[in-house]
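What follows is one structure encoded as structure tokens, with my remarks underneath.
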Amino acid sequence: RTLIMALVSKWSLANPIYRILSWTGILLILYVFFKIISFFHVSCCCFWGIVVAVVIGESMRDKLKIEPDGKAVLITGCDSGFGLHFSEHLLKNGFLIISGVLDMNSDGAKYLQELSPKRLIVVKLDVKSDKEVQDAVSTVSNITAEKKSVLWAIVNNAGVSRTGPFEFLPMEDHELTFRVNVLGAMRVSKMFLPLMRRSKGRFINVTSAVRIAGTRFCTPYSVSKFAAEGLAQCMRYELQHMGIKVICVEPSFFVNCTNLIRNTHLQELIEDSRKNLTEEQSQFYNAKYFSMLRDLEQIMKTAGHKSDDLMMEALELSICSRYPSSKYLATDFLGSALYIMSFLPDIIYRQLD
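Here the numbering used here is used: position 163 in the sequence shown is 167, and no number is missing along the way.
Here is the structure:
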């Protein structure tokens, strides 16, 4: 069961080679199983014929694209990071782009406003606010009517992260992360649903590879991404009869391409925590521990991808593909190791974490 689940999970990766290998593995398991029990007399030629058909089908799948004319895409969290870059990236595909920002005076908002006033429109959108989201629904409805377009896709990209030891992070940090990363996506999806029903479009939730294997010192973020993935799965089941697709894009190791880590103020948290340790806590958090945390912050800020090209490719596929996967993992081979780790025996996994 573990092996089959591991193979099935690979089917959703952005690169079609993963899906091809997954289907080949599943077919091989079935072939061996049926041979052993002599339930079917499946010839080797028949088996490899099916494999070839799968290879051809999966290779062609991502080449089938929808027409962008008359379609609008709403992206949340465009002040910086993925939202800012993807708004610019998607312009070349011919969509009408509506970029939601937290602050209309931010550098990102000003930059986007100057890109293409006719095809990229910036709107104020705080995903934590019922009023702002409802106002955005009215604004987007008016924009699409004026441009003779339909709302084809919503990219729930807005997100925050708070980094540090679980015990030291204040509850306000946990609550803020959940309000933005989970309830924000839920609020936007719920309020925009009537517009999405008209187009039979798709919701794209930007989650994270940490939902596969939780990461130490990123508890609020990891928990929120587990929840965001669950939200997407439930929405997928409930909305499929309406013709609406729900897709997850899971980035991994892109800390250099976003402000998630730069805005966490880990050094301040470390110093405040060290000064306010109780006598009981000081037995477990010594000088060596805090030194390790300082080193960790530098590693987190410099490790990972230097470019977000893989993420842009995955997001583009989720919007433009006629037959999209339910999930896309945006990473290289090293990032894919997270999937493998999640299926290792617990005694091994805990040593690697």
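Note that the Cβ used here is the ideal one computed from N, Cα and C, for glycine as well.
From a predicted model like this one, the values you see are computed outputs, not experimental measurements.
What span of residues does the beta strand (DSSP E) with L155 cover, start to end?
Element bounds for L155: V154 to N160.
Please determine, among F90, D111, M108 and S286, the residue with the shortest C-alpha to C-alpha distance to I101.
F90
Hey, A76 and S153: beta-carbon distance below 8 Å or not?
yes
Give me the Cα-Cα distance between M9 and E176, rounded to the nearest whole angstrom.
Any reading at M9 needs caution, since the residue's pLDDT is 41, under 50, leaving its predicted position unreliable; the model's value is listed next. Computed Cα separation, rounded: 36 Å.
Just curious, the alpha helix (DSSP H) that R202 is in, first and last residue?
Unbroken alpha helix (DSSP H) run through R202: A189 to S203.
Would you call the CB atoms of V253 and I216 closer than 8 Å?
no
Check the DSSP bridge columns for P255 and list the partner residues they point to.
The secondary-structure analysis by DSSP pairs P255 across a beta bridge with A334.
Hey, would you say A157 sits closer than 8 Å to I323, going by beta carbons?
yes
Going by other Cβ atoms of all chains shown within 10 Å of its Cβ, with 16 needed for buried, is F99 buried or exposed?
buried
Check this for me: beta carbons of Y293 and L281, under 8 Å apart or not?
no
How close, in whole Å, do the beta carbons of R191 and V131 come, if the pair is a contact with beta carbons under 8 Å?
Taking C-beta atoms under 8 Å as the contact rule, R191 and V131 qualify, at a distance of about 6 Å.
Could you pull the start and end residues of the alpha helix (DSSP H) that I125 belongs to?
That residue, I125, is in no alpha helix (DSSP H); its beta strand (DSSP E) goes L124 to K128.
With distance defined between alpha-carbon atoms, name the residue in M296, Y327, S120 and D299 nearest to K249.
Y327
Between F230 and T167, is the Cβ-Cβ spacing less than 8 Å?
no
Member of F86, T181, K135 and S203 whose CA lies at the smallest distance from the CA of E317
F86
Going by Cα to Cα distance, which pick from T211, R278, M200 and E272 is closest to Q244?
M200
Bridge-paired residues (DSSP) for F2:
Because the chain here runs from 5 to 357, residue 2 falls outside it and cannot be looked at.
Let me make sure I understand the geometry here. Which of D312, V126, Q285 and Q138 has the alpha-carbon closest to that of L197?
Q138
May I ask you to report which of helix, strand or coil DSSP gives G112?
helix
In DSSP terms, what F207 is bridged to:
I158 and V250
Straight-line CA distance for P72 to N97?
7 Å
R123 to L94, Cα distance in whole Å?
10 Å
By alpha-carbon positions, which one of D134, V141 and L88 ends up nearest to Q117?
L88
Just to confirm my understanding: we take I70, look at its own chain, exclude 5 residues before and 5 after, and list those with CB closer than 7 Å. What are they?
In the same chain as I70, and ignoring 5 residues on each side of it, the C-beta atoms closer than 7 Å to its own belong to C324 and R326, in chain order.
Relative to the alpha-carbon of D83, which residue among G74, L314 and K114 has its alpha-carbon at the smallest distance?
K114
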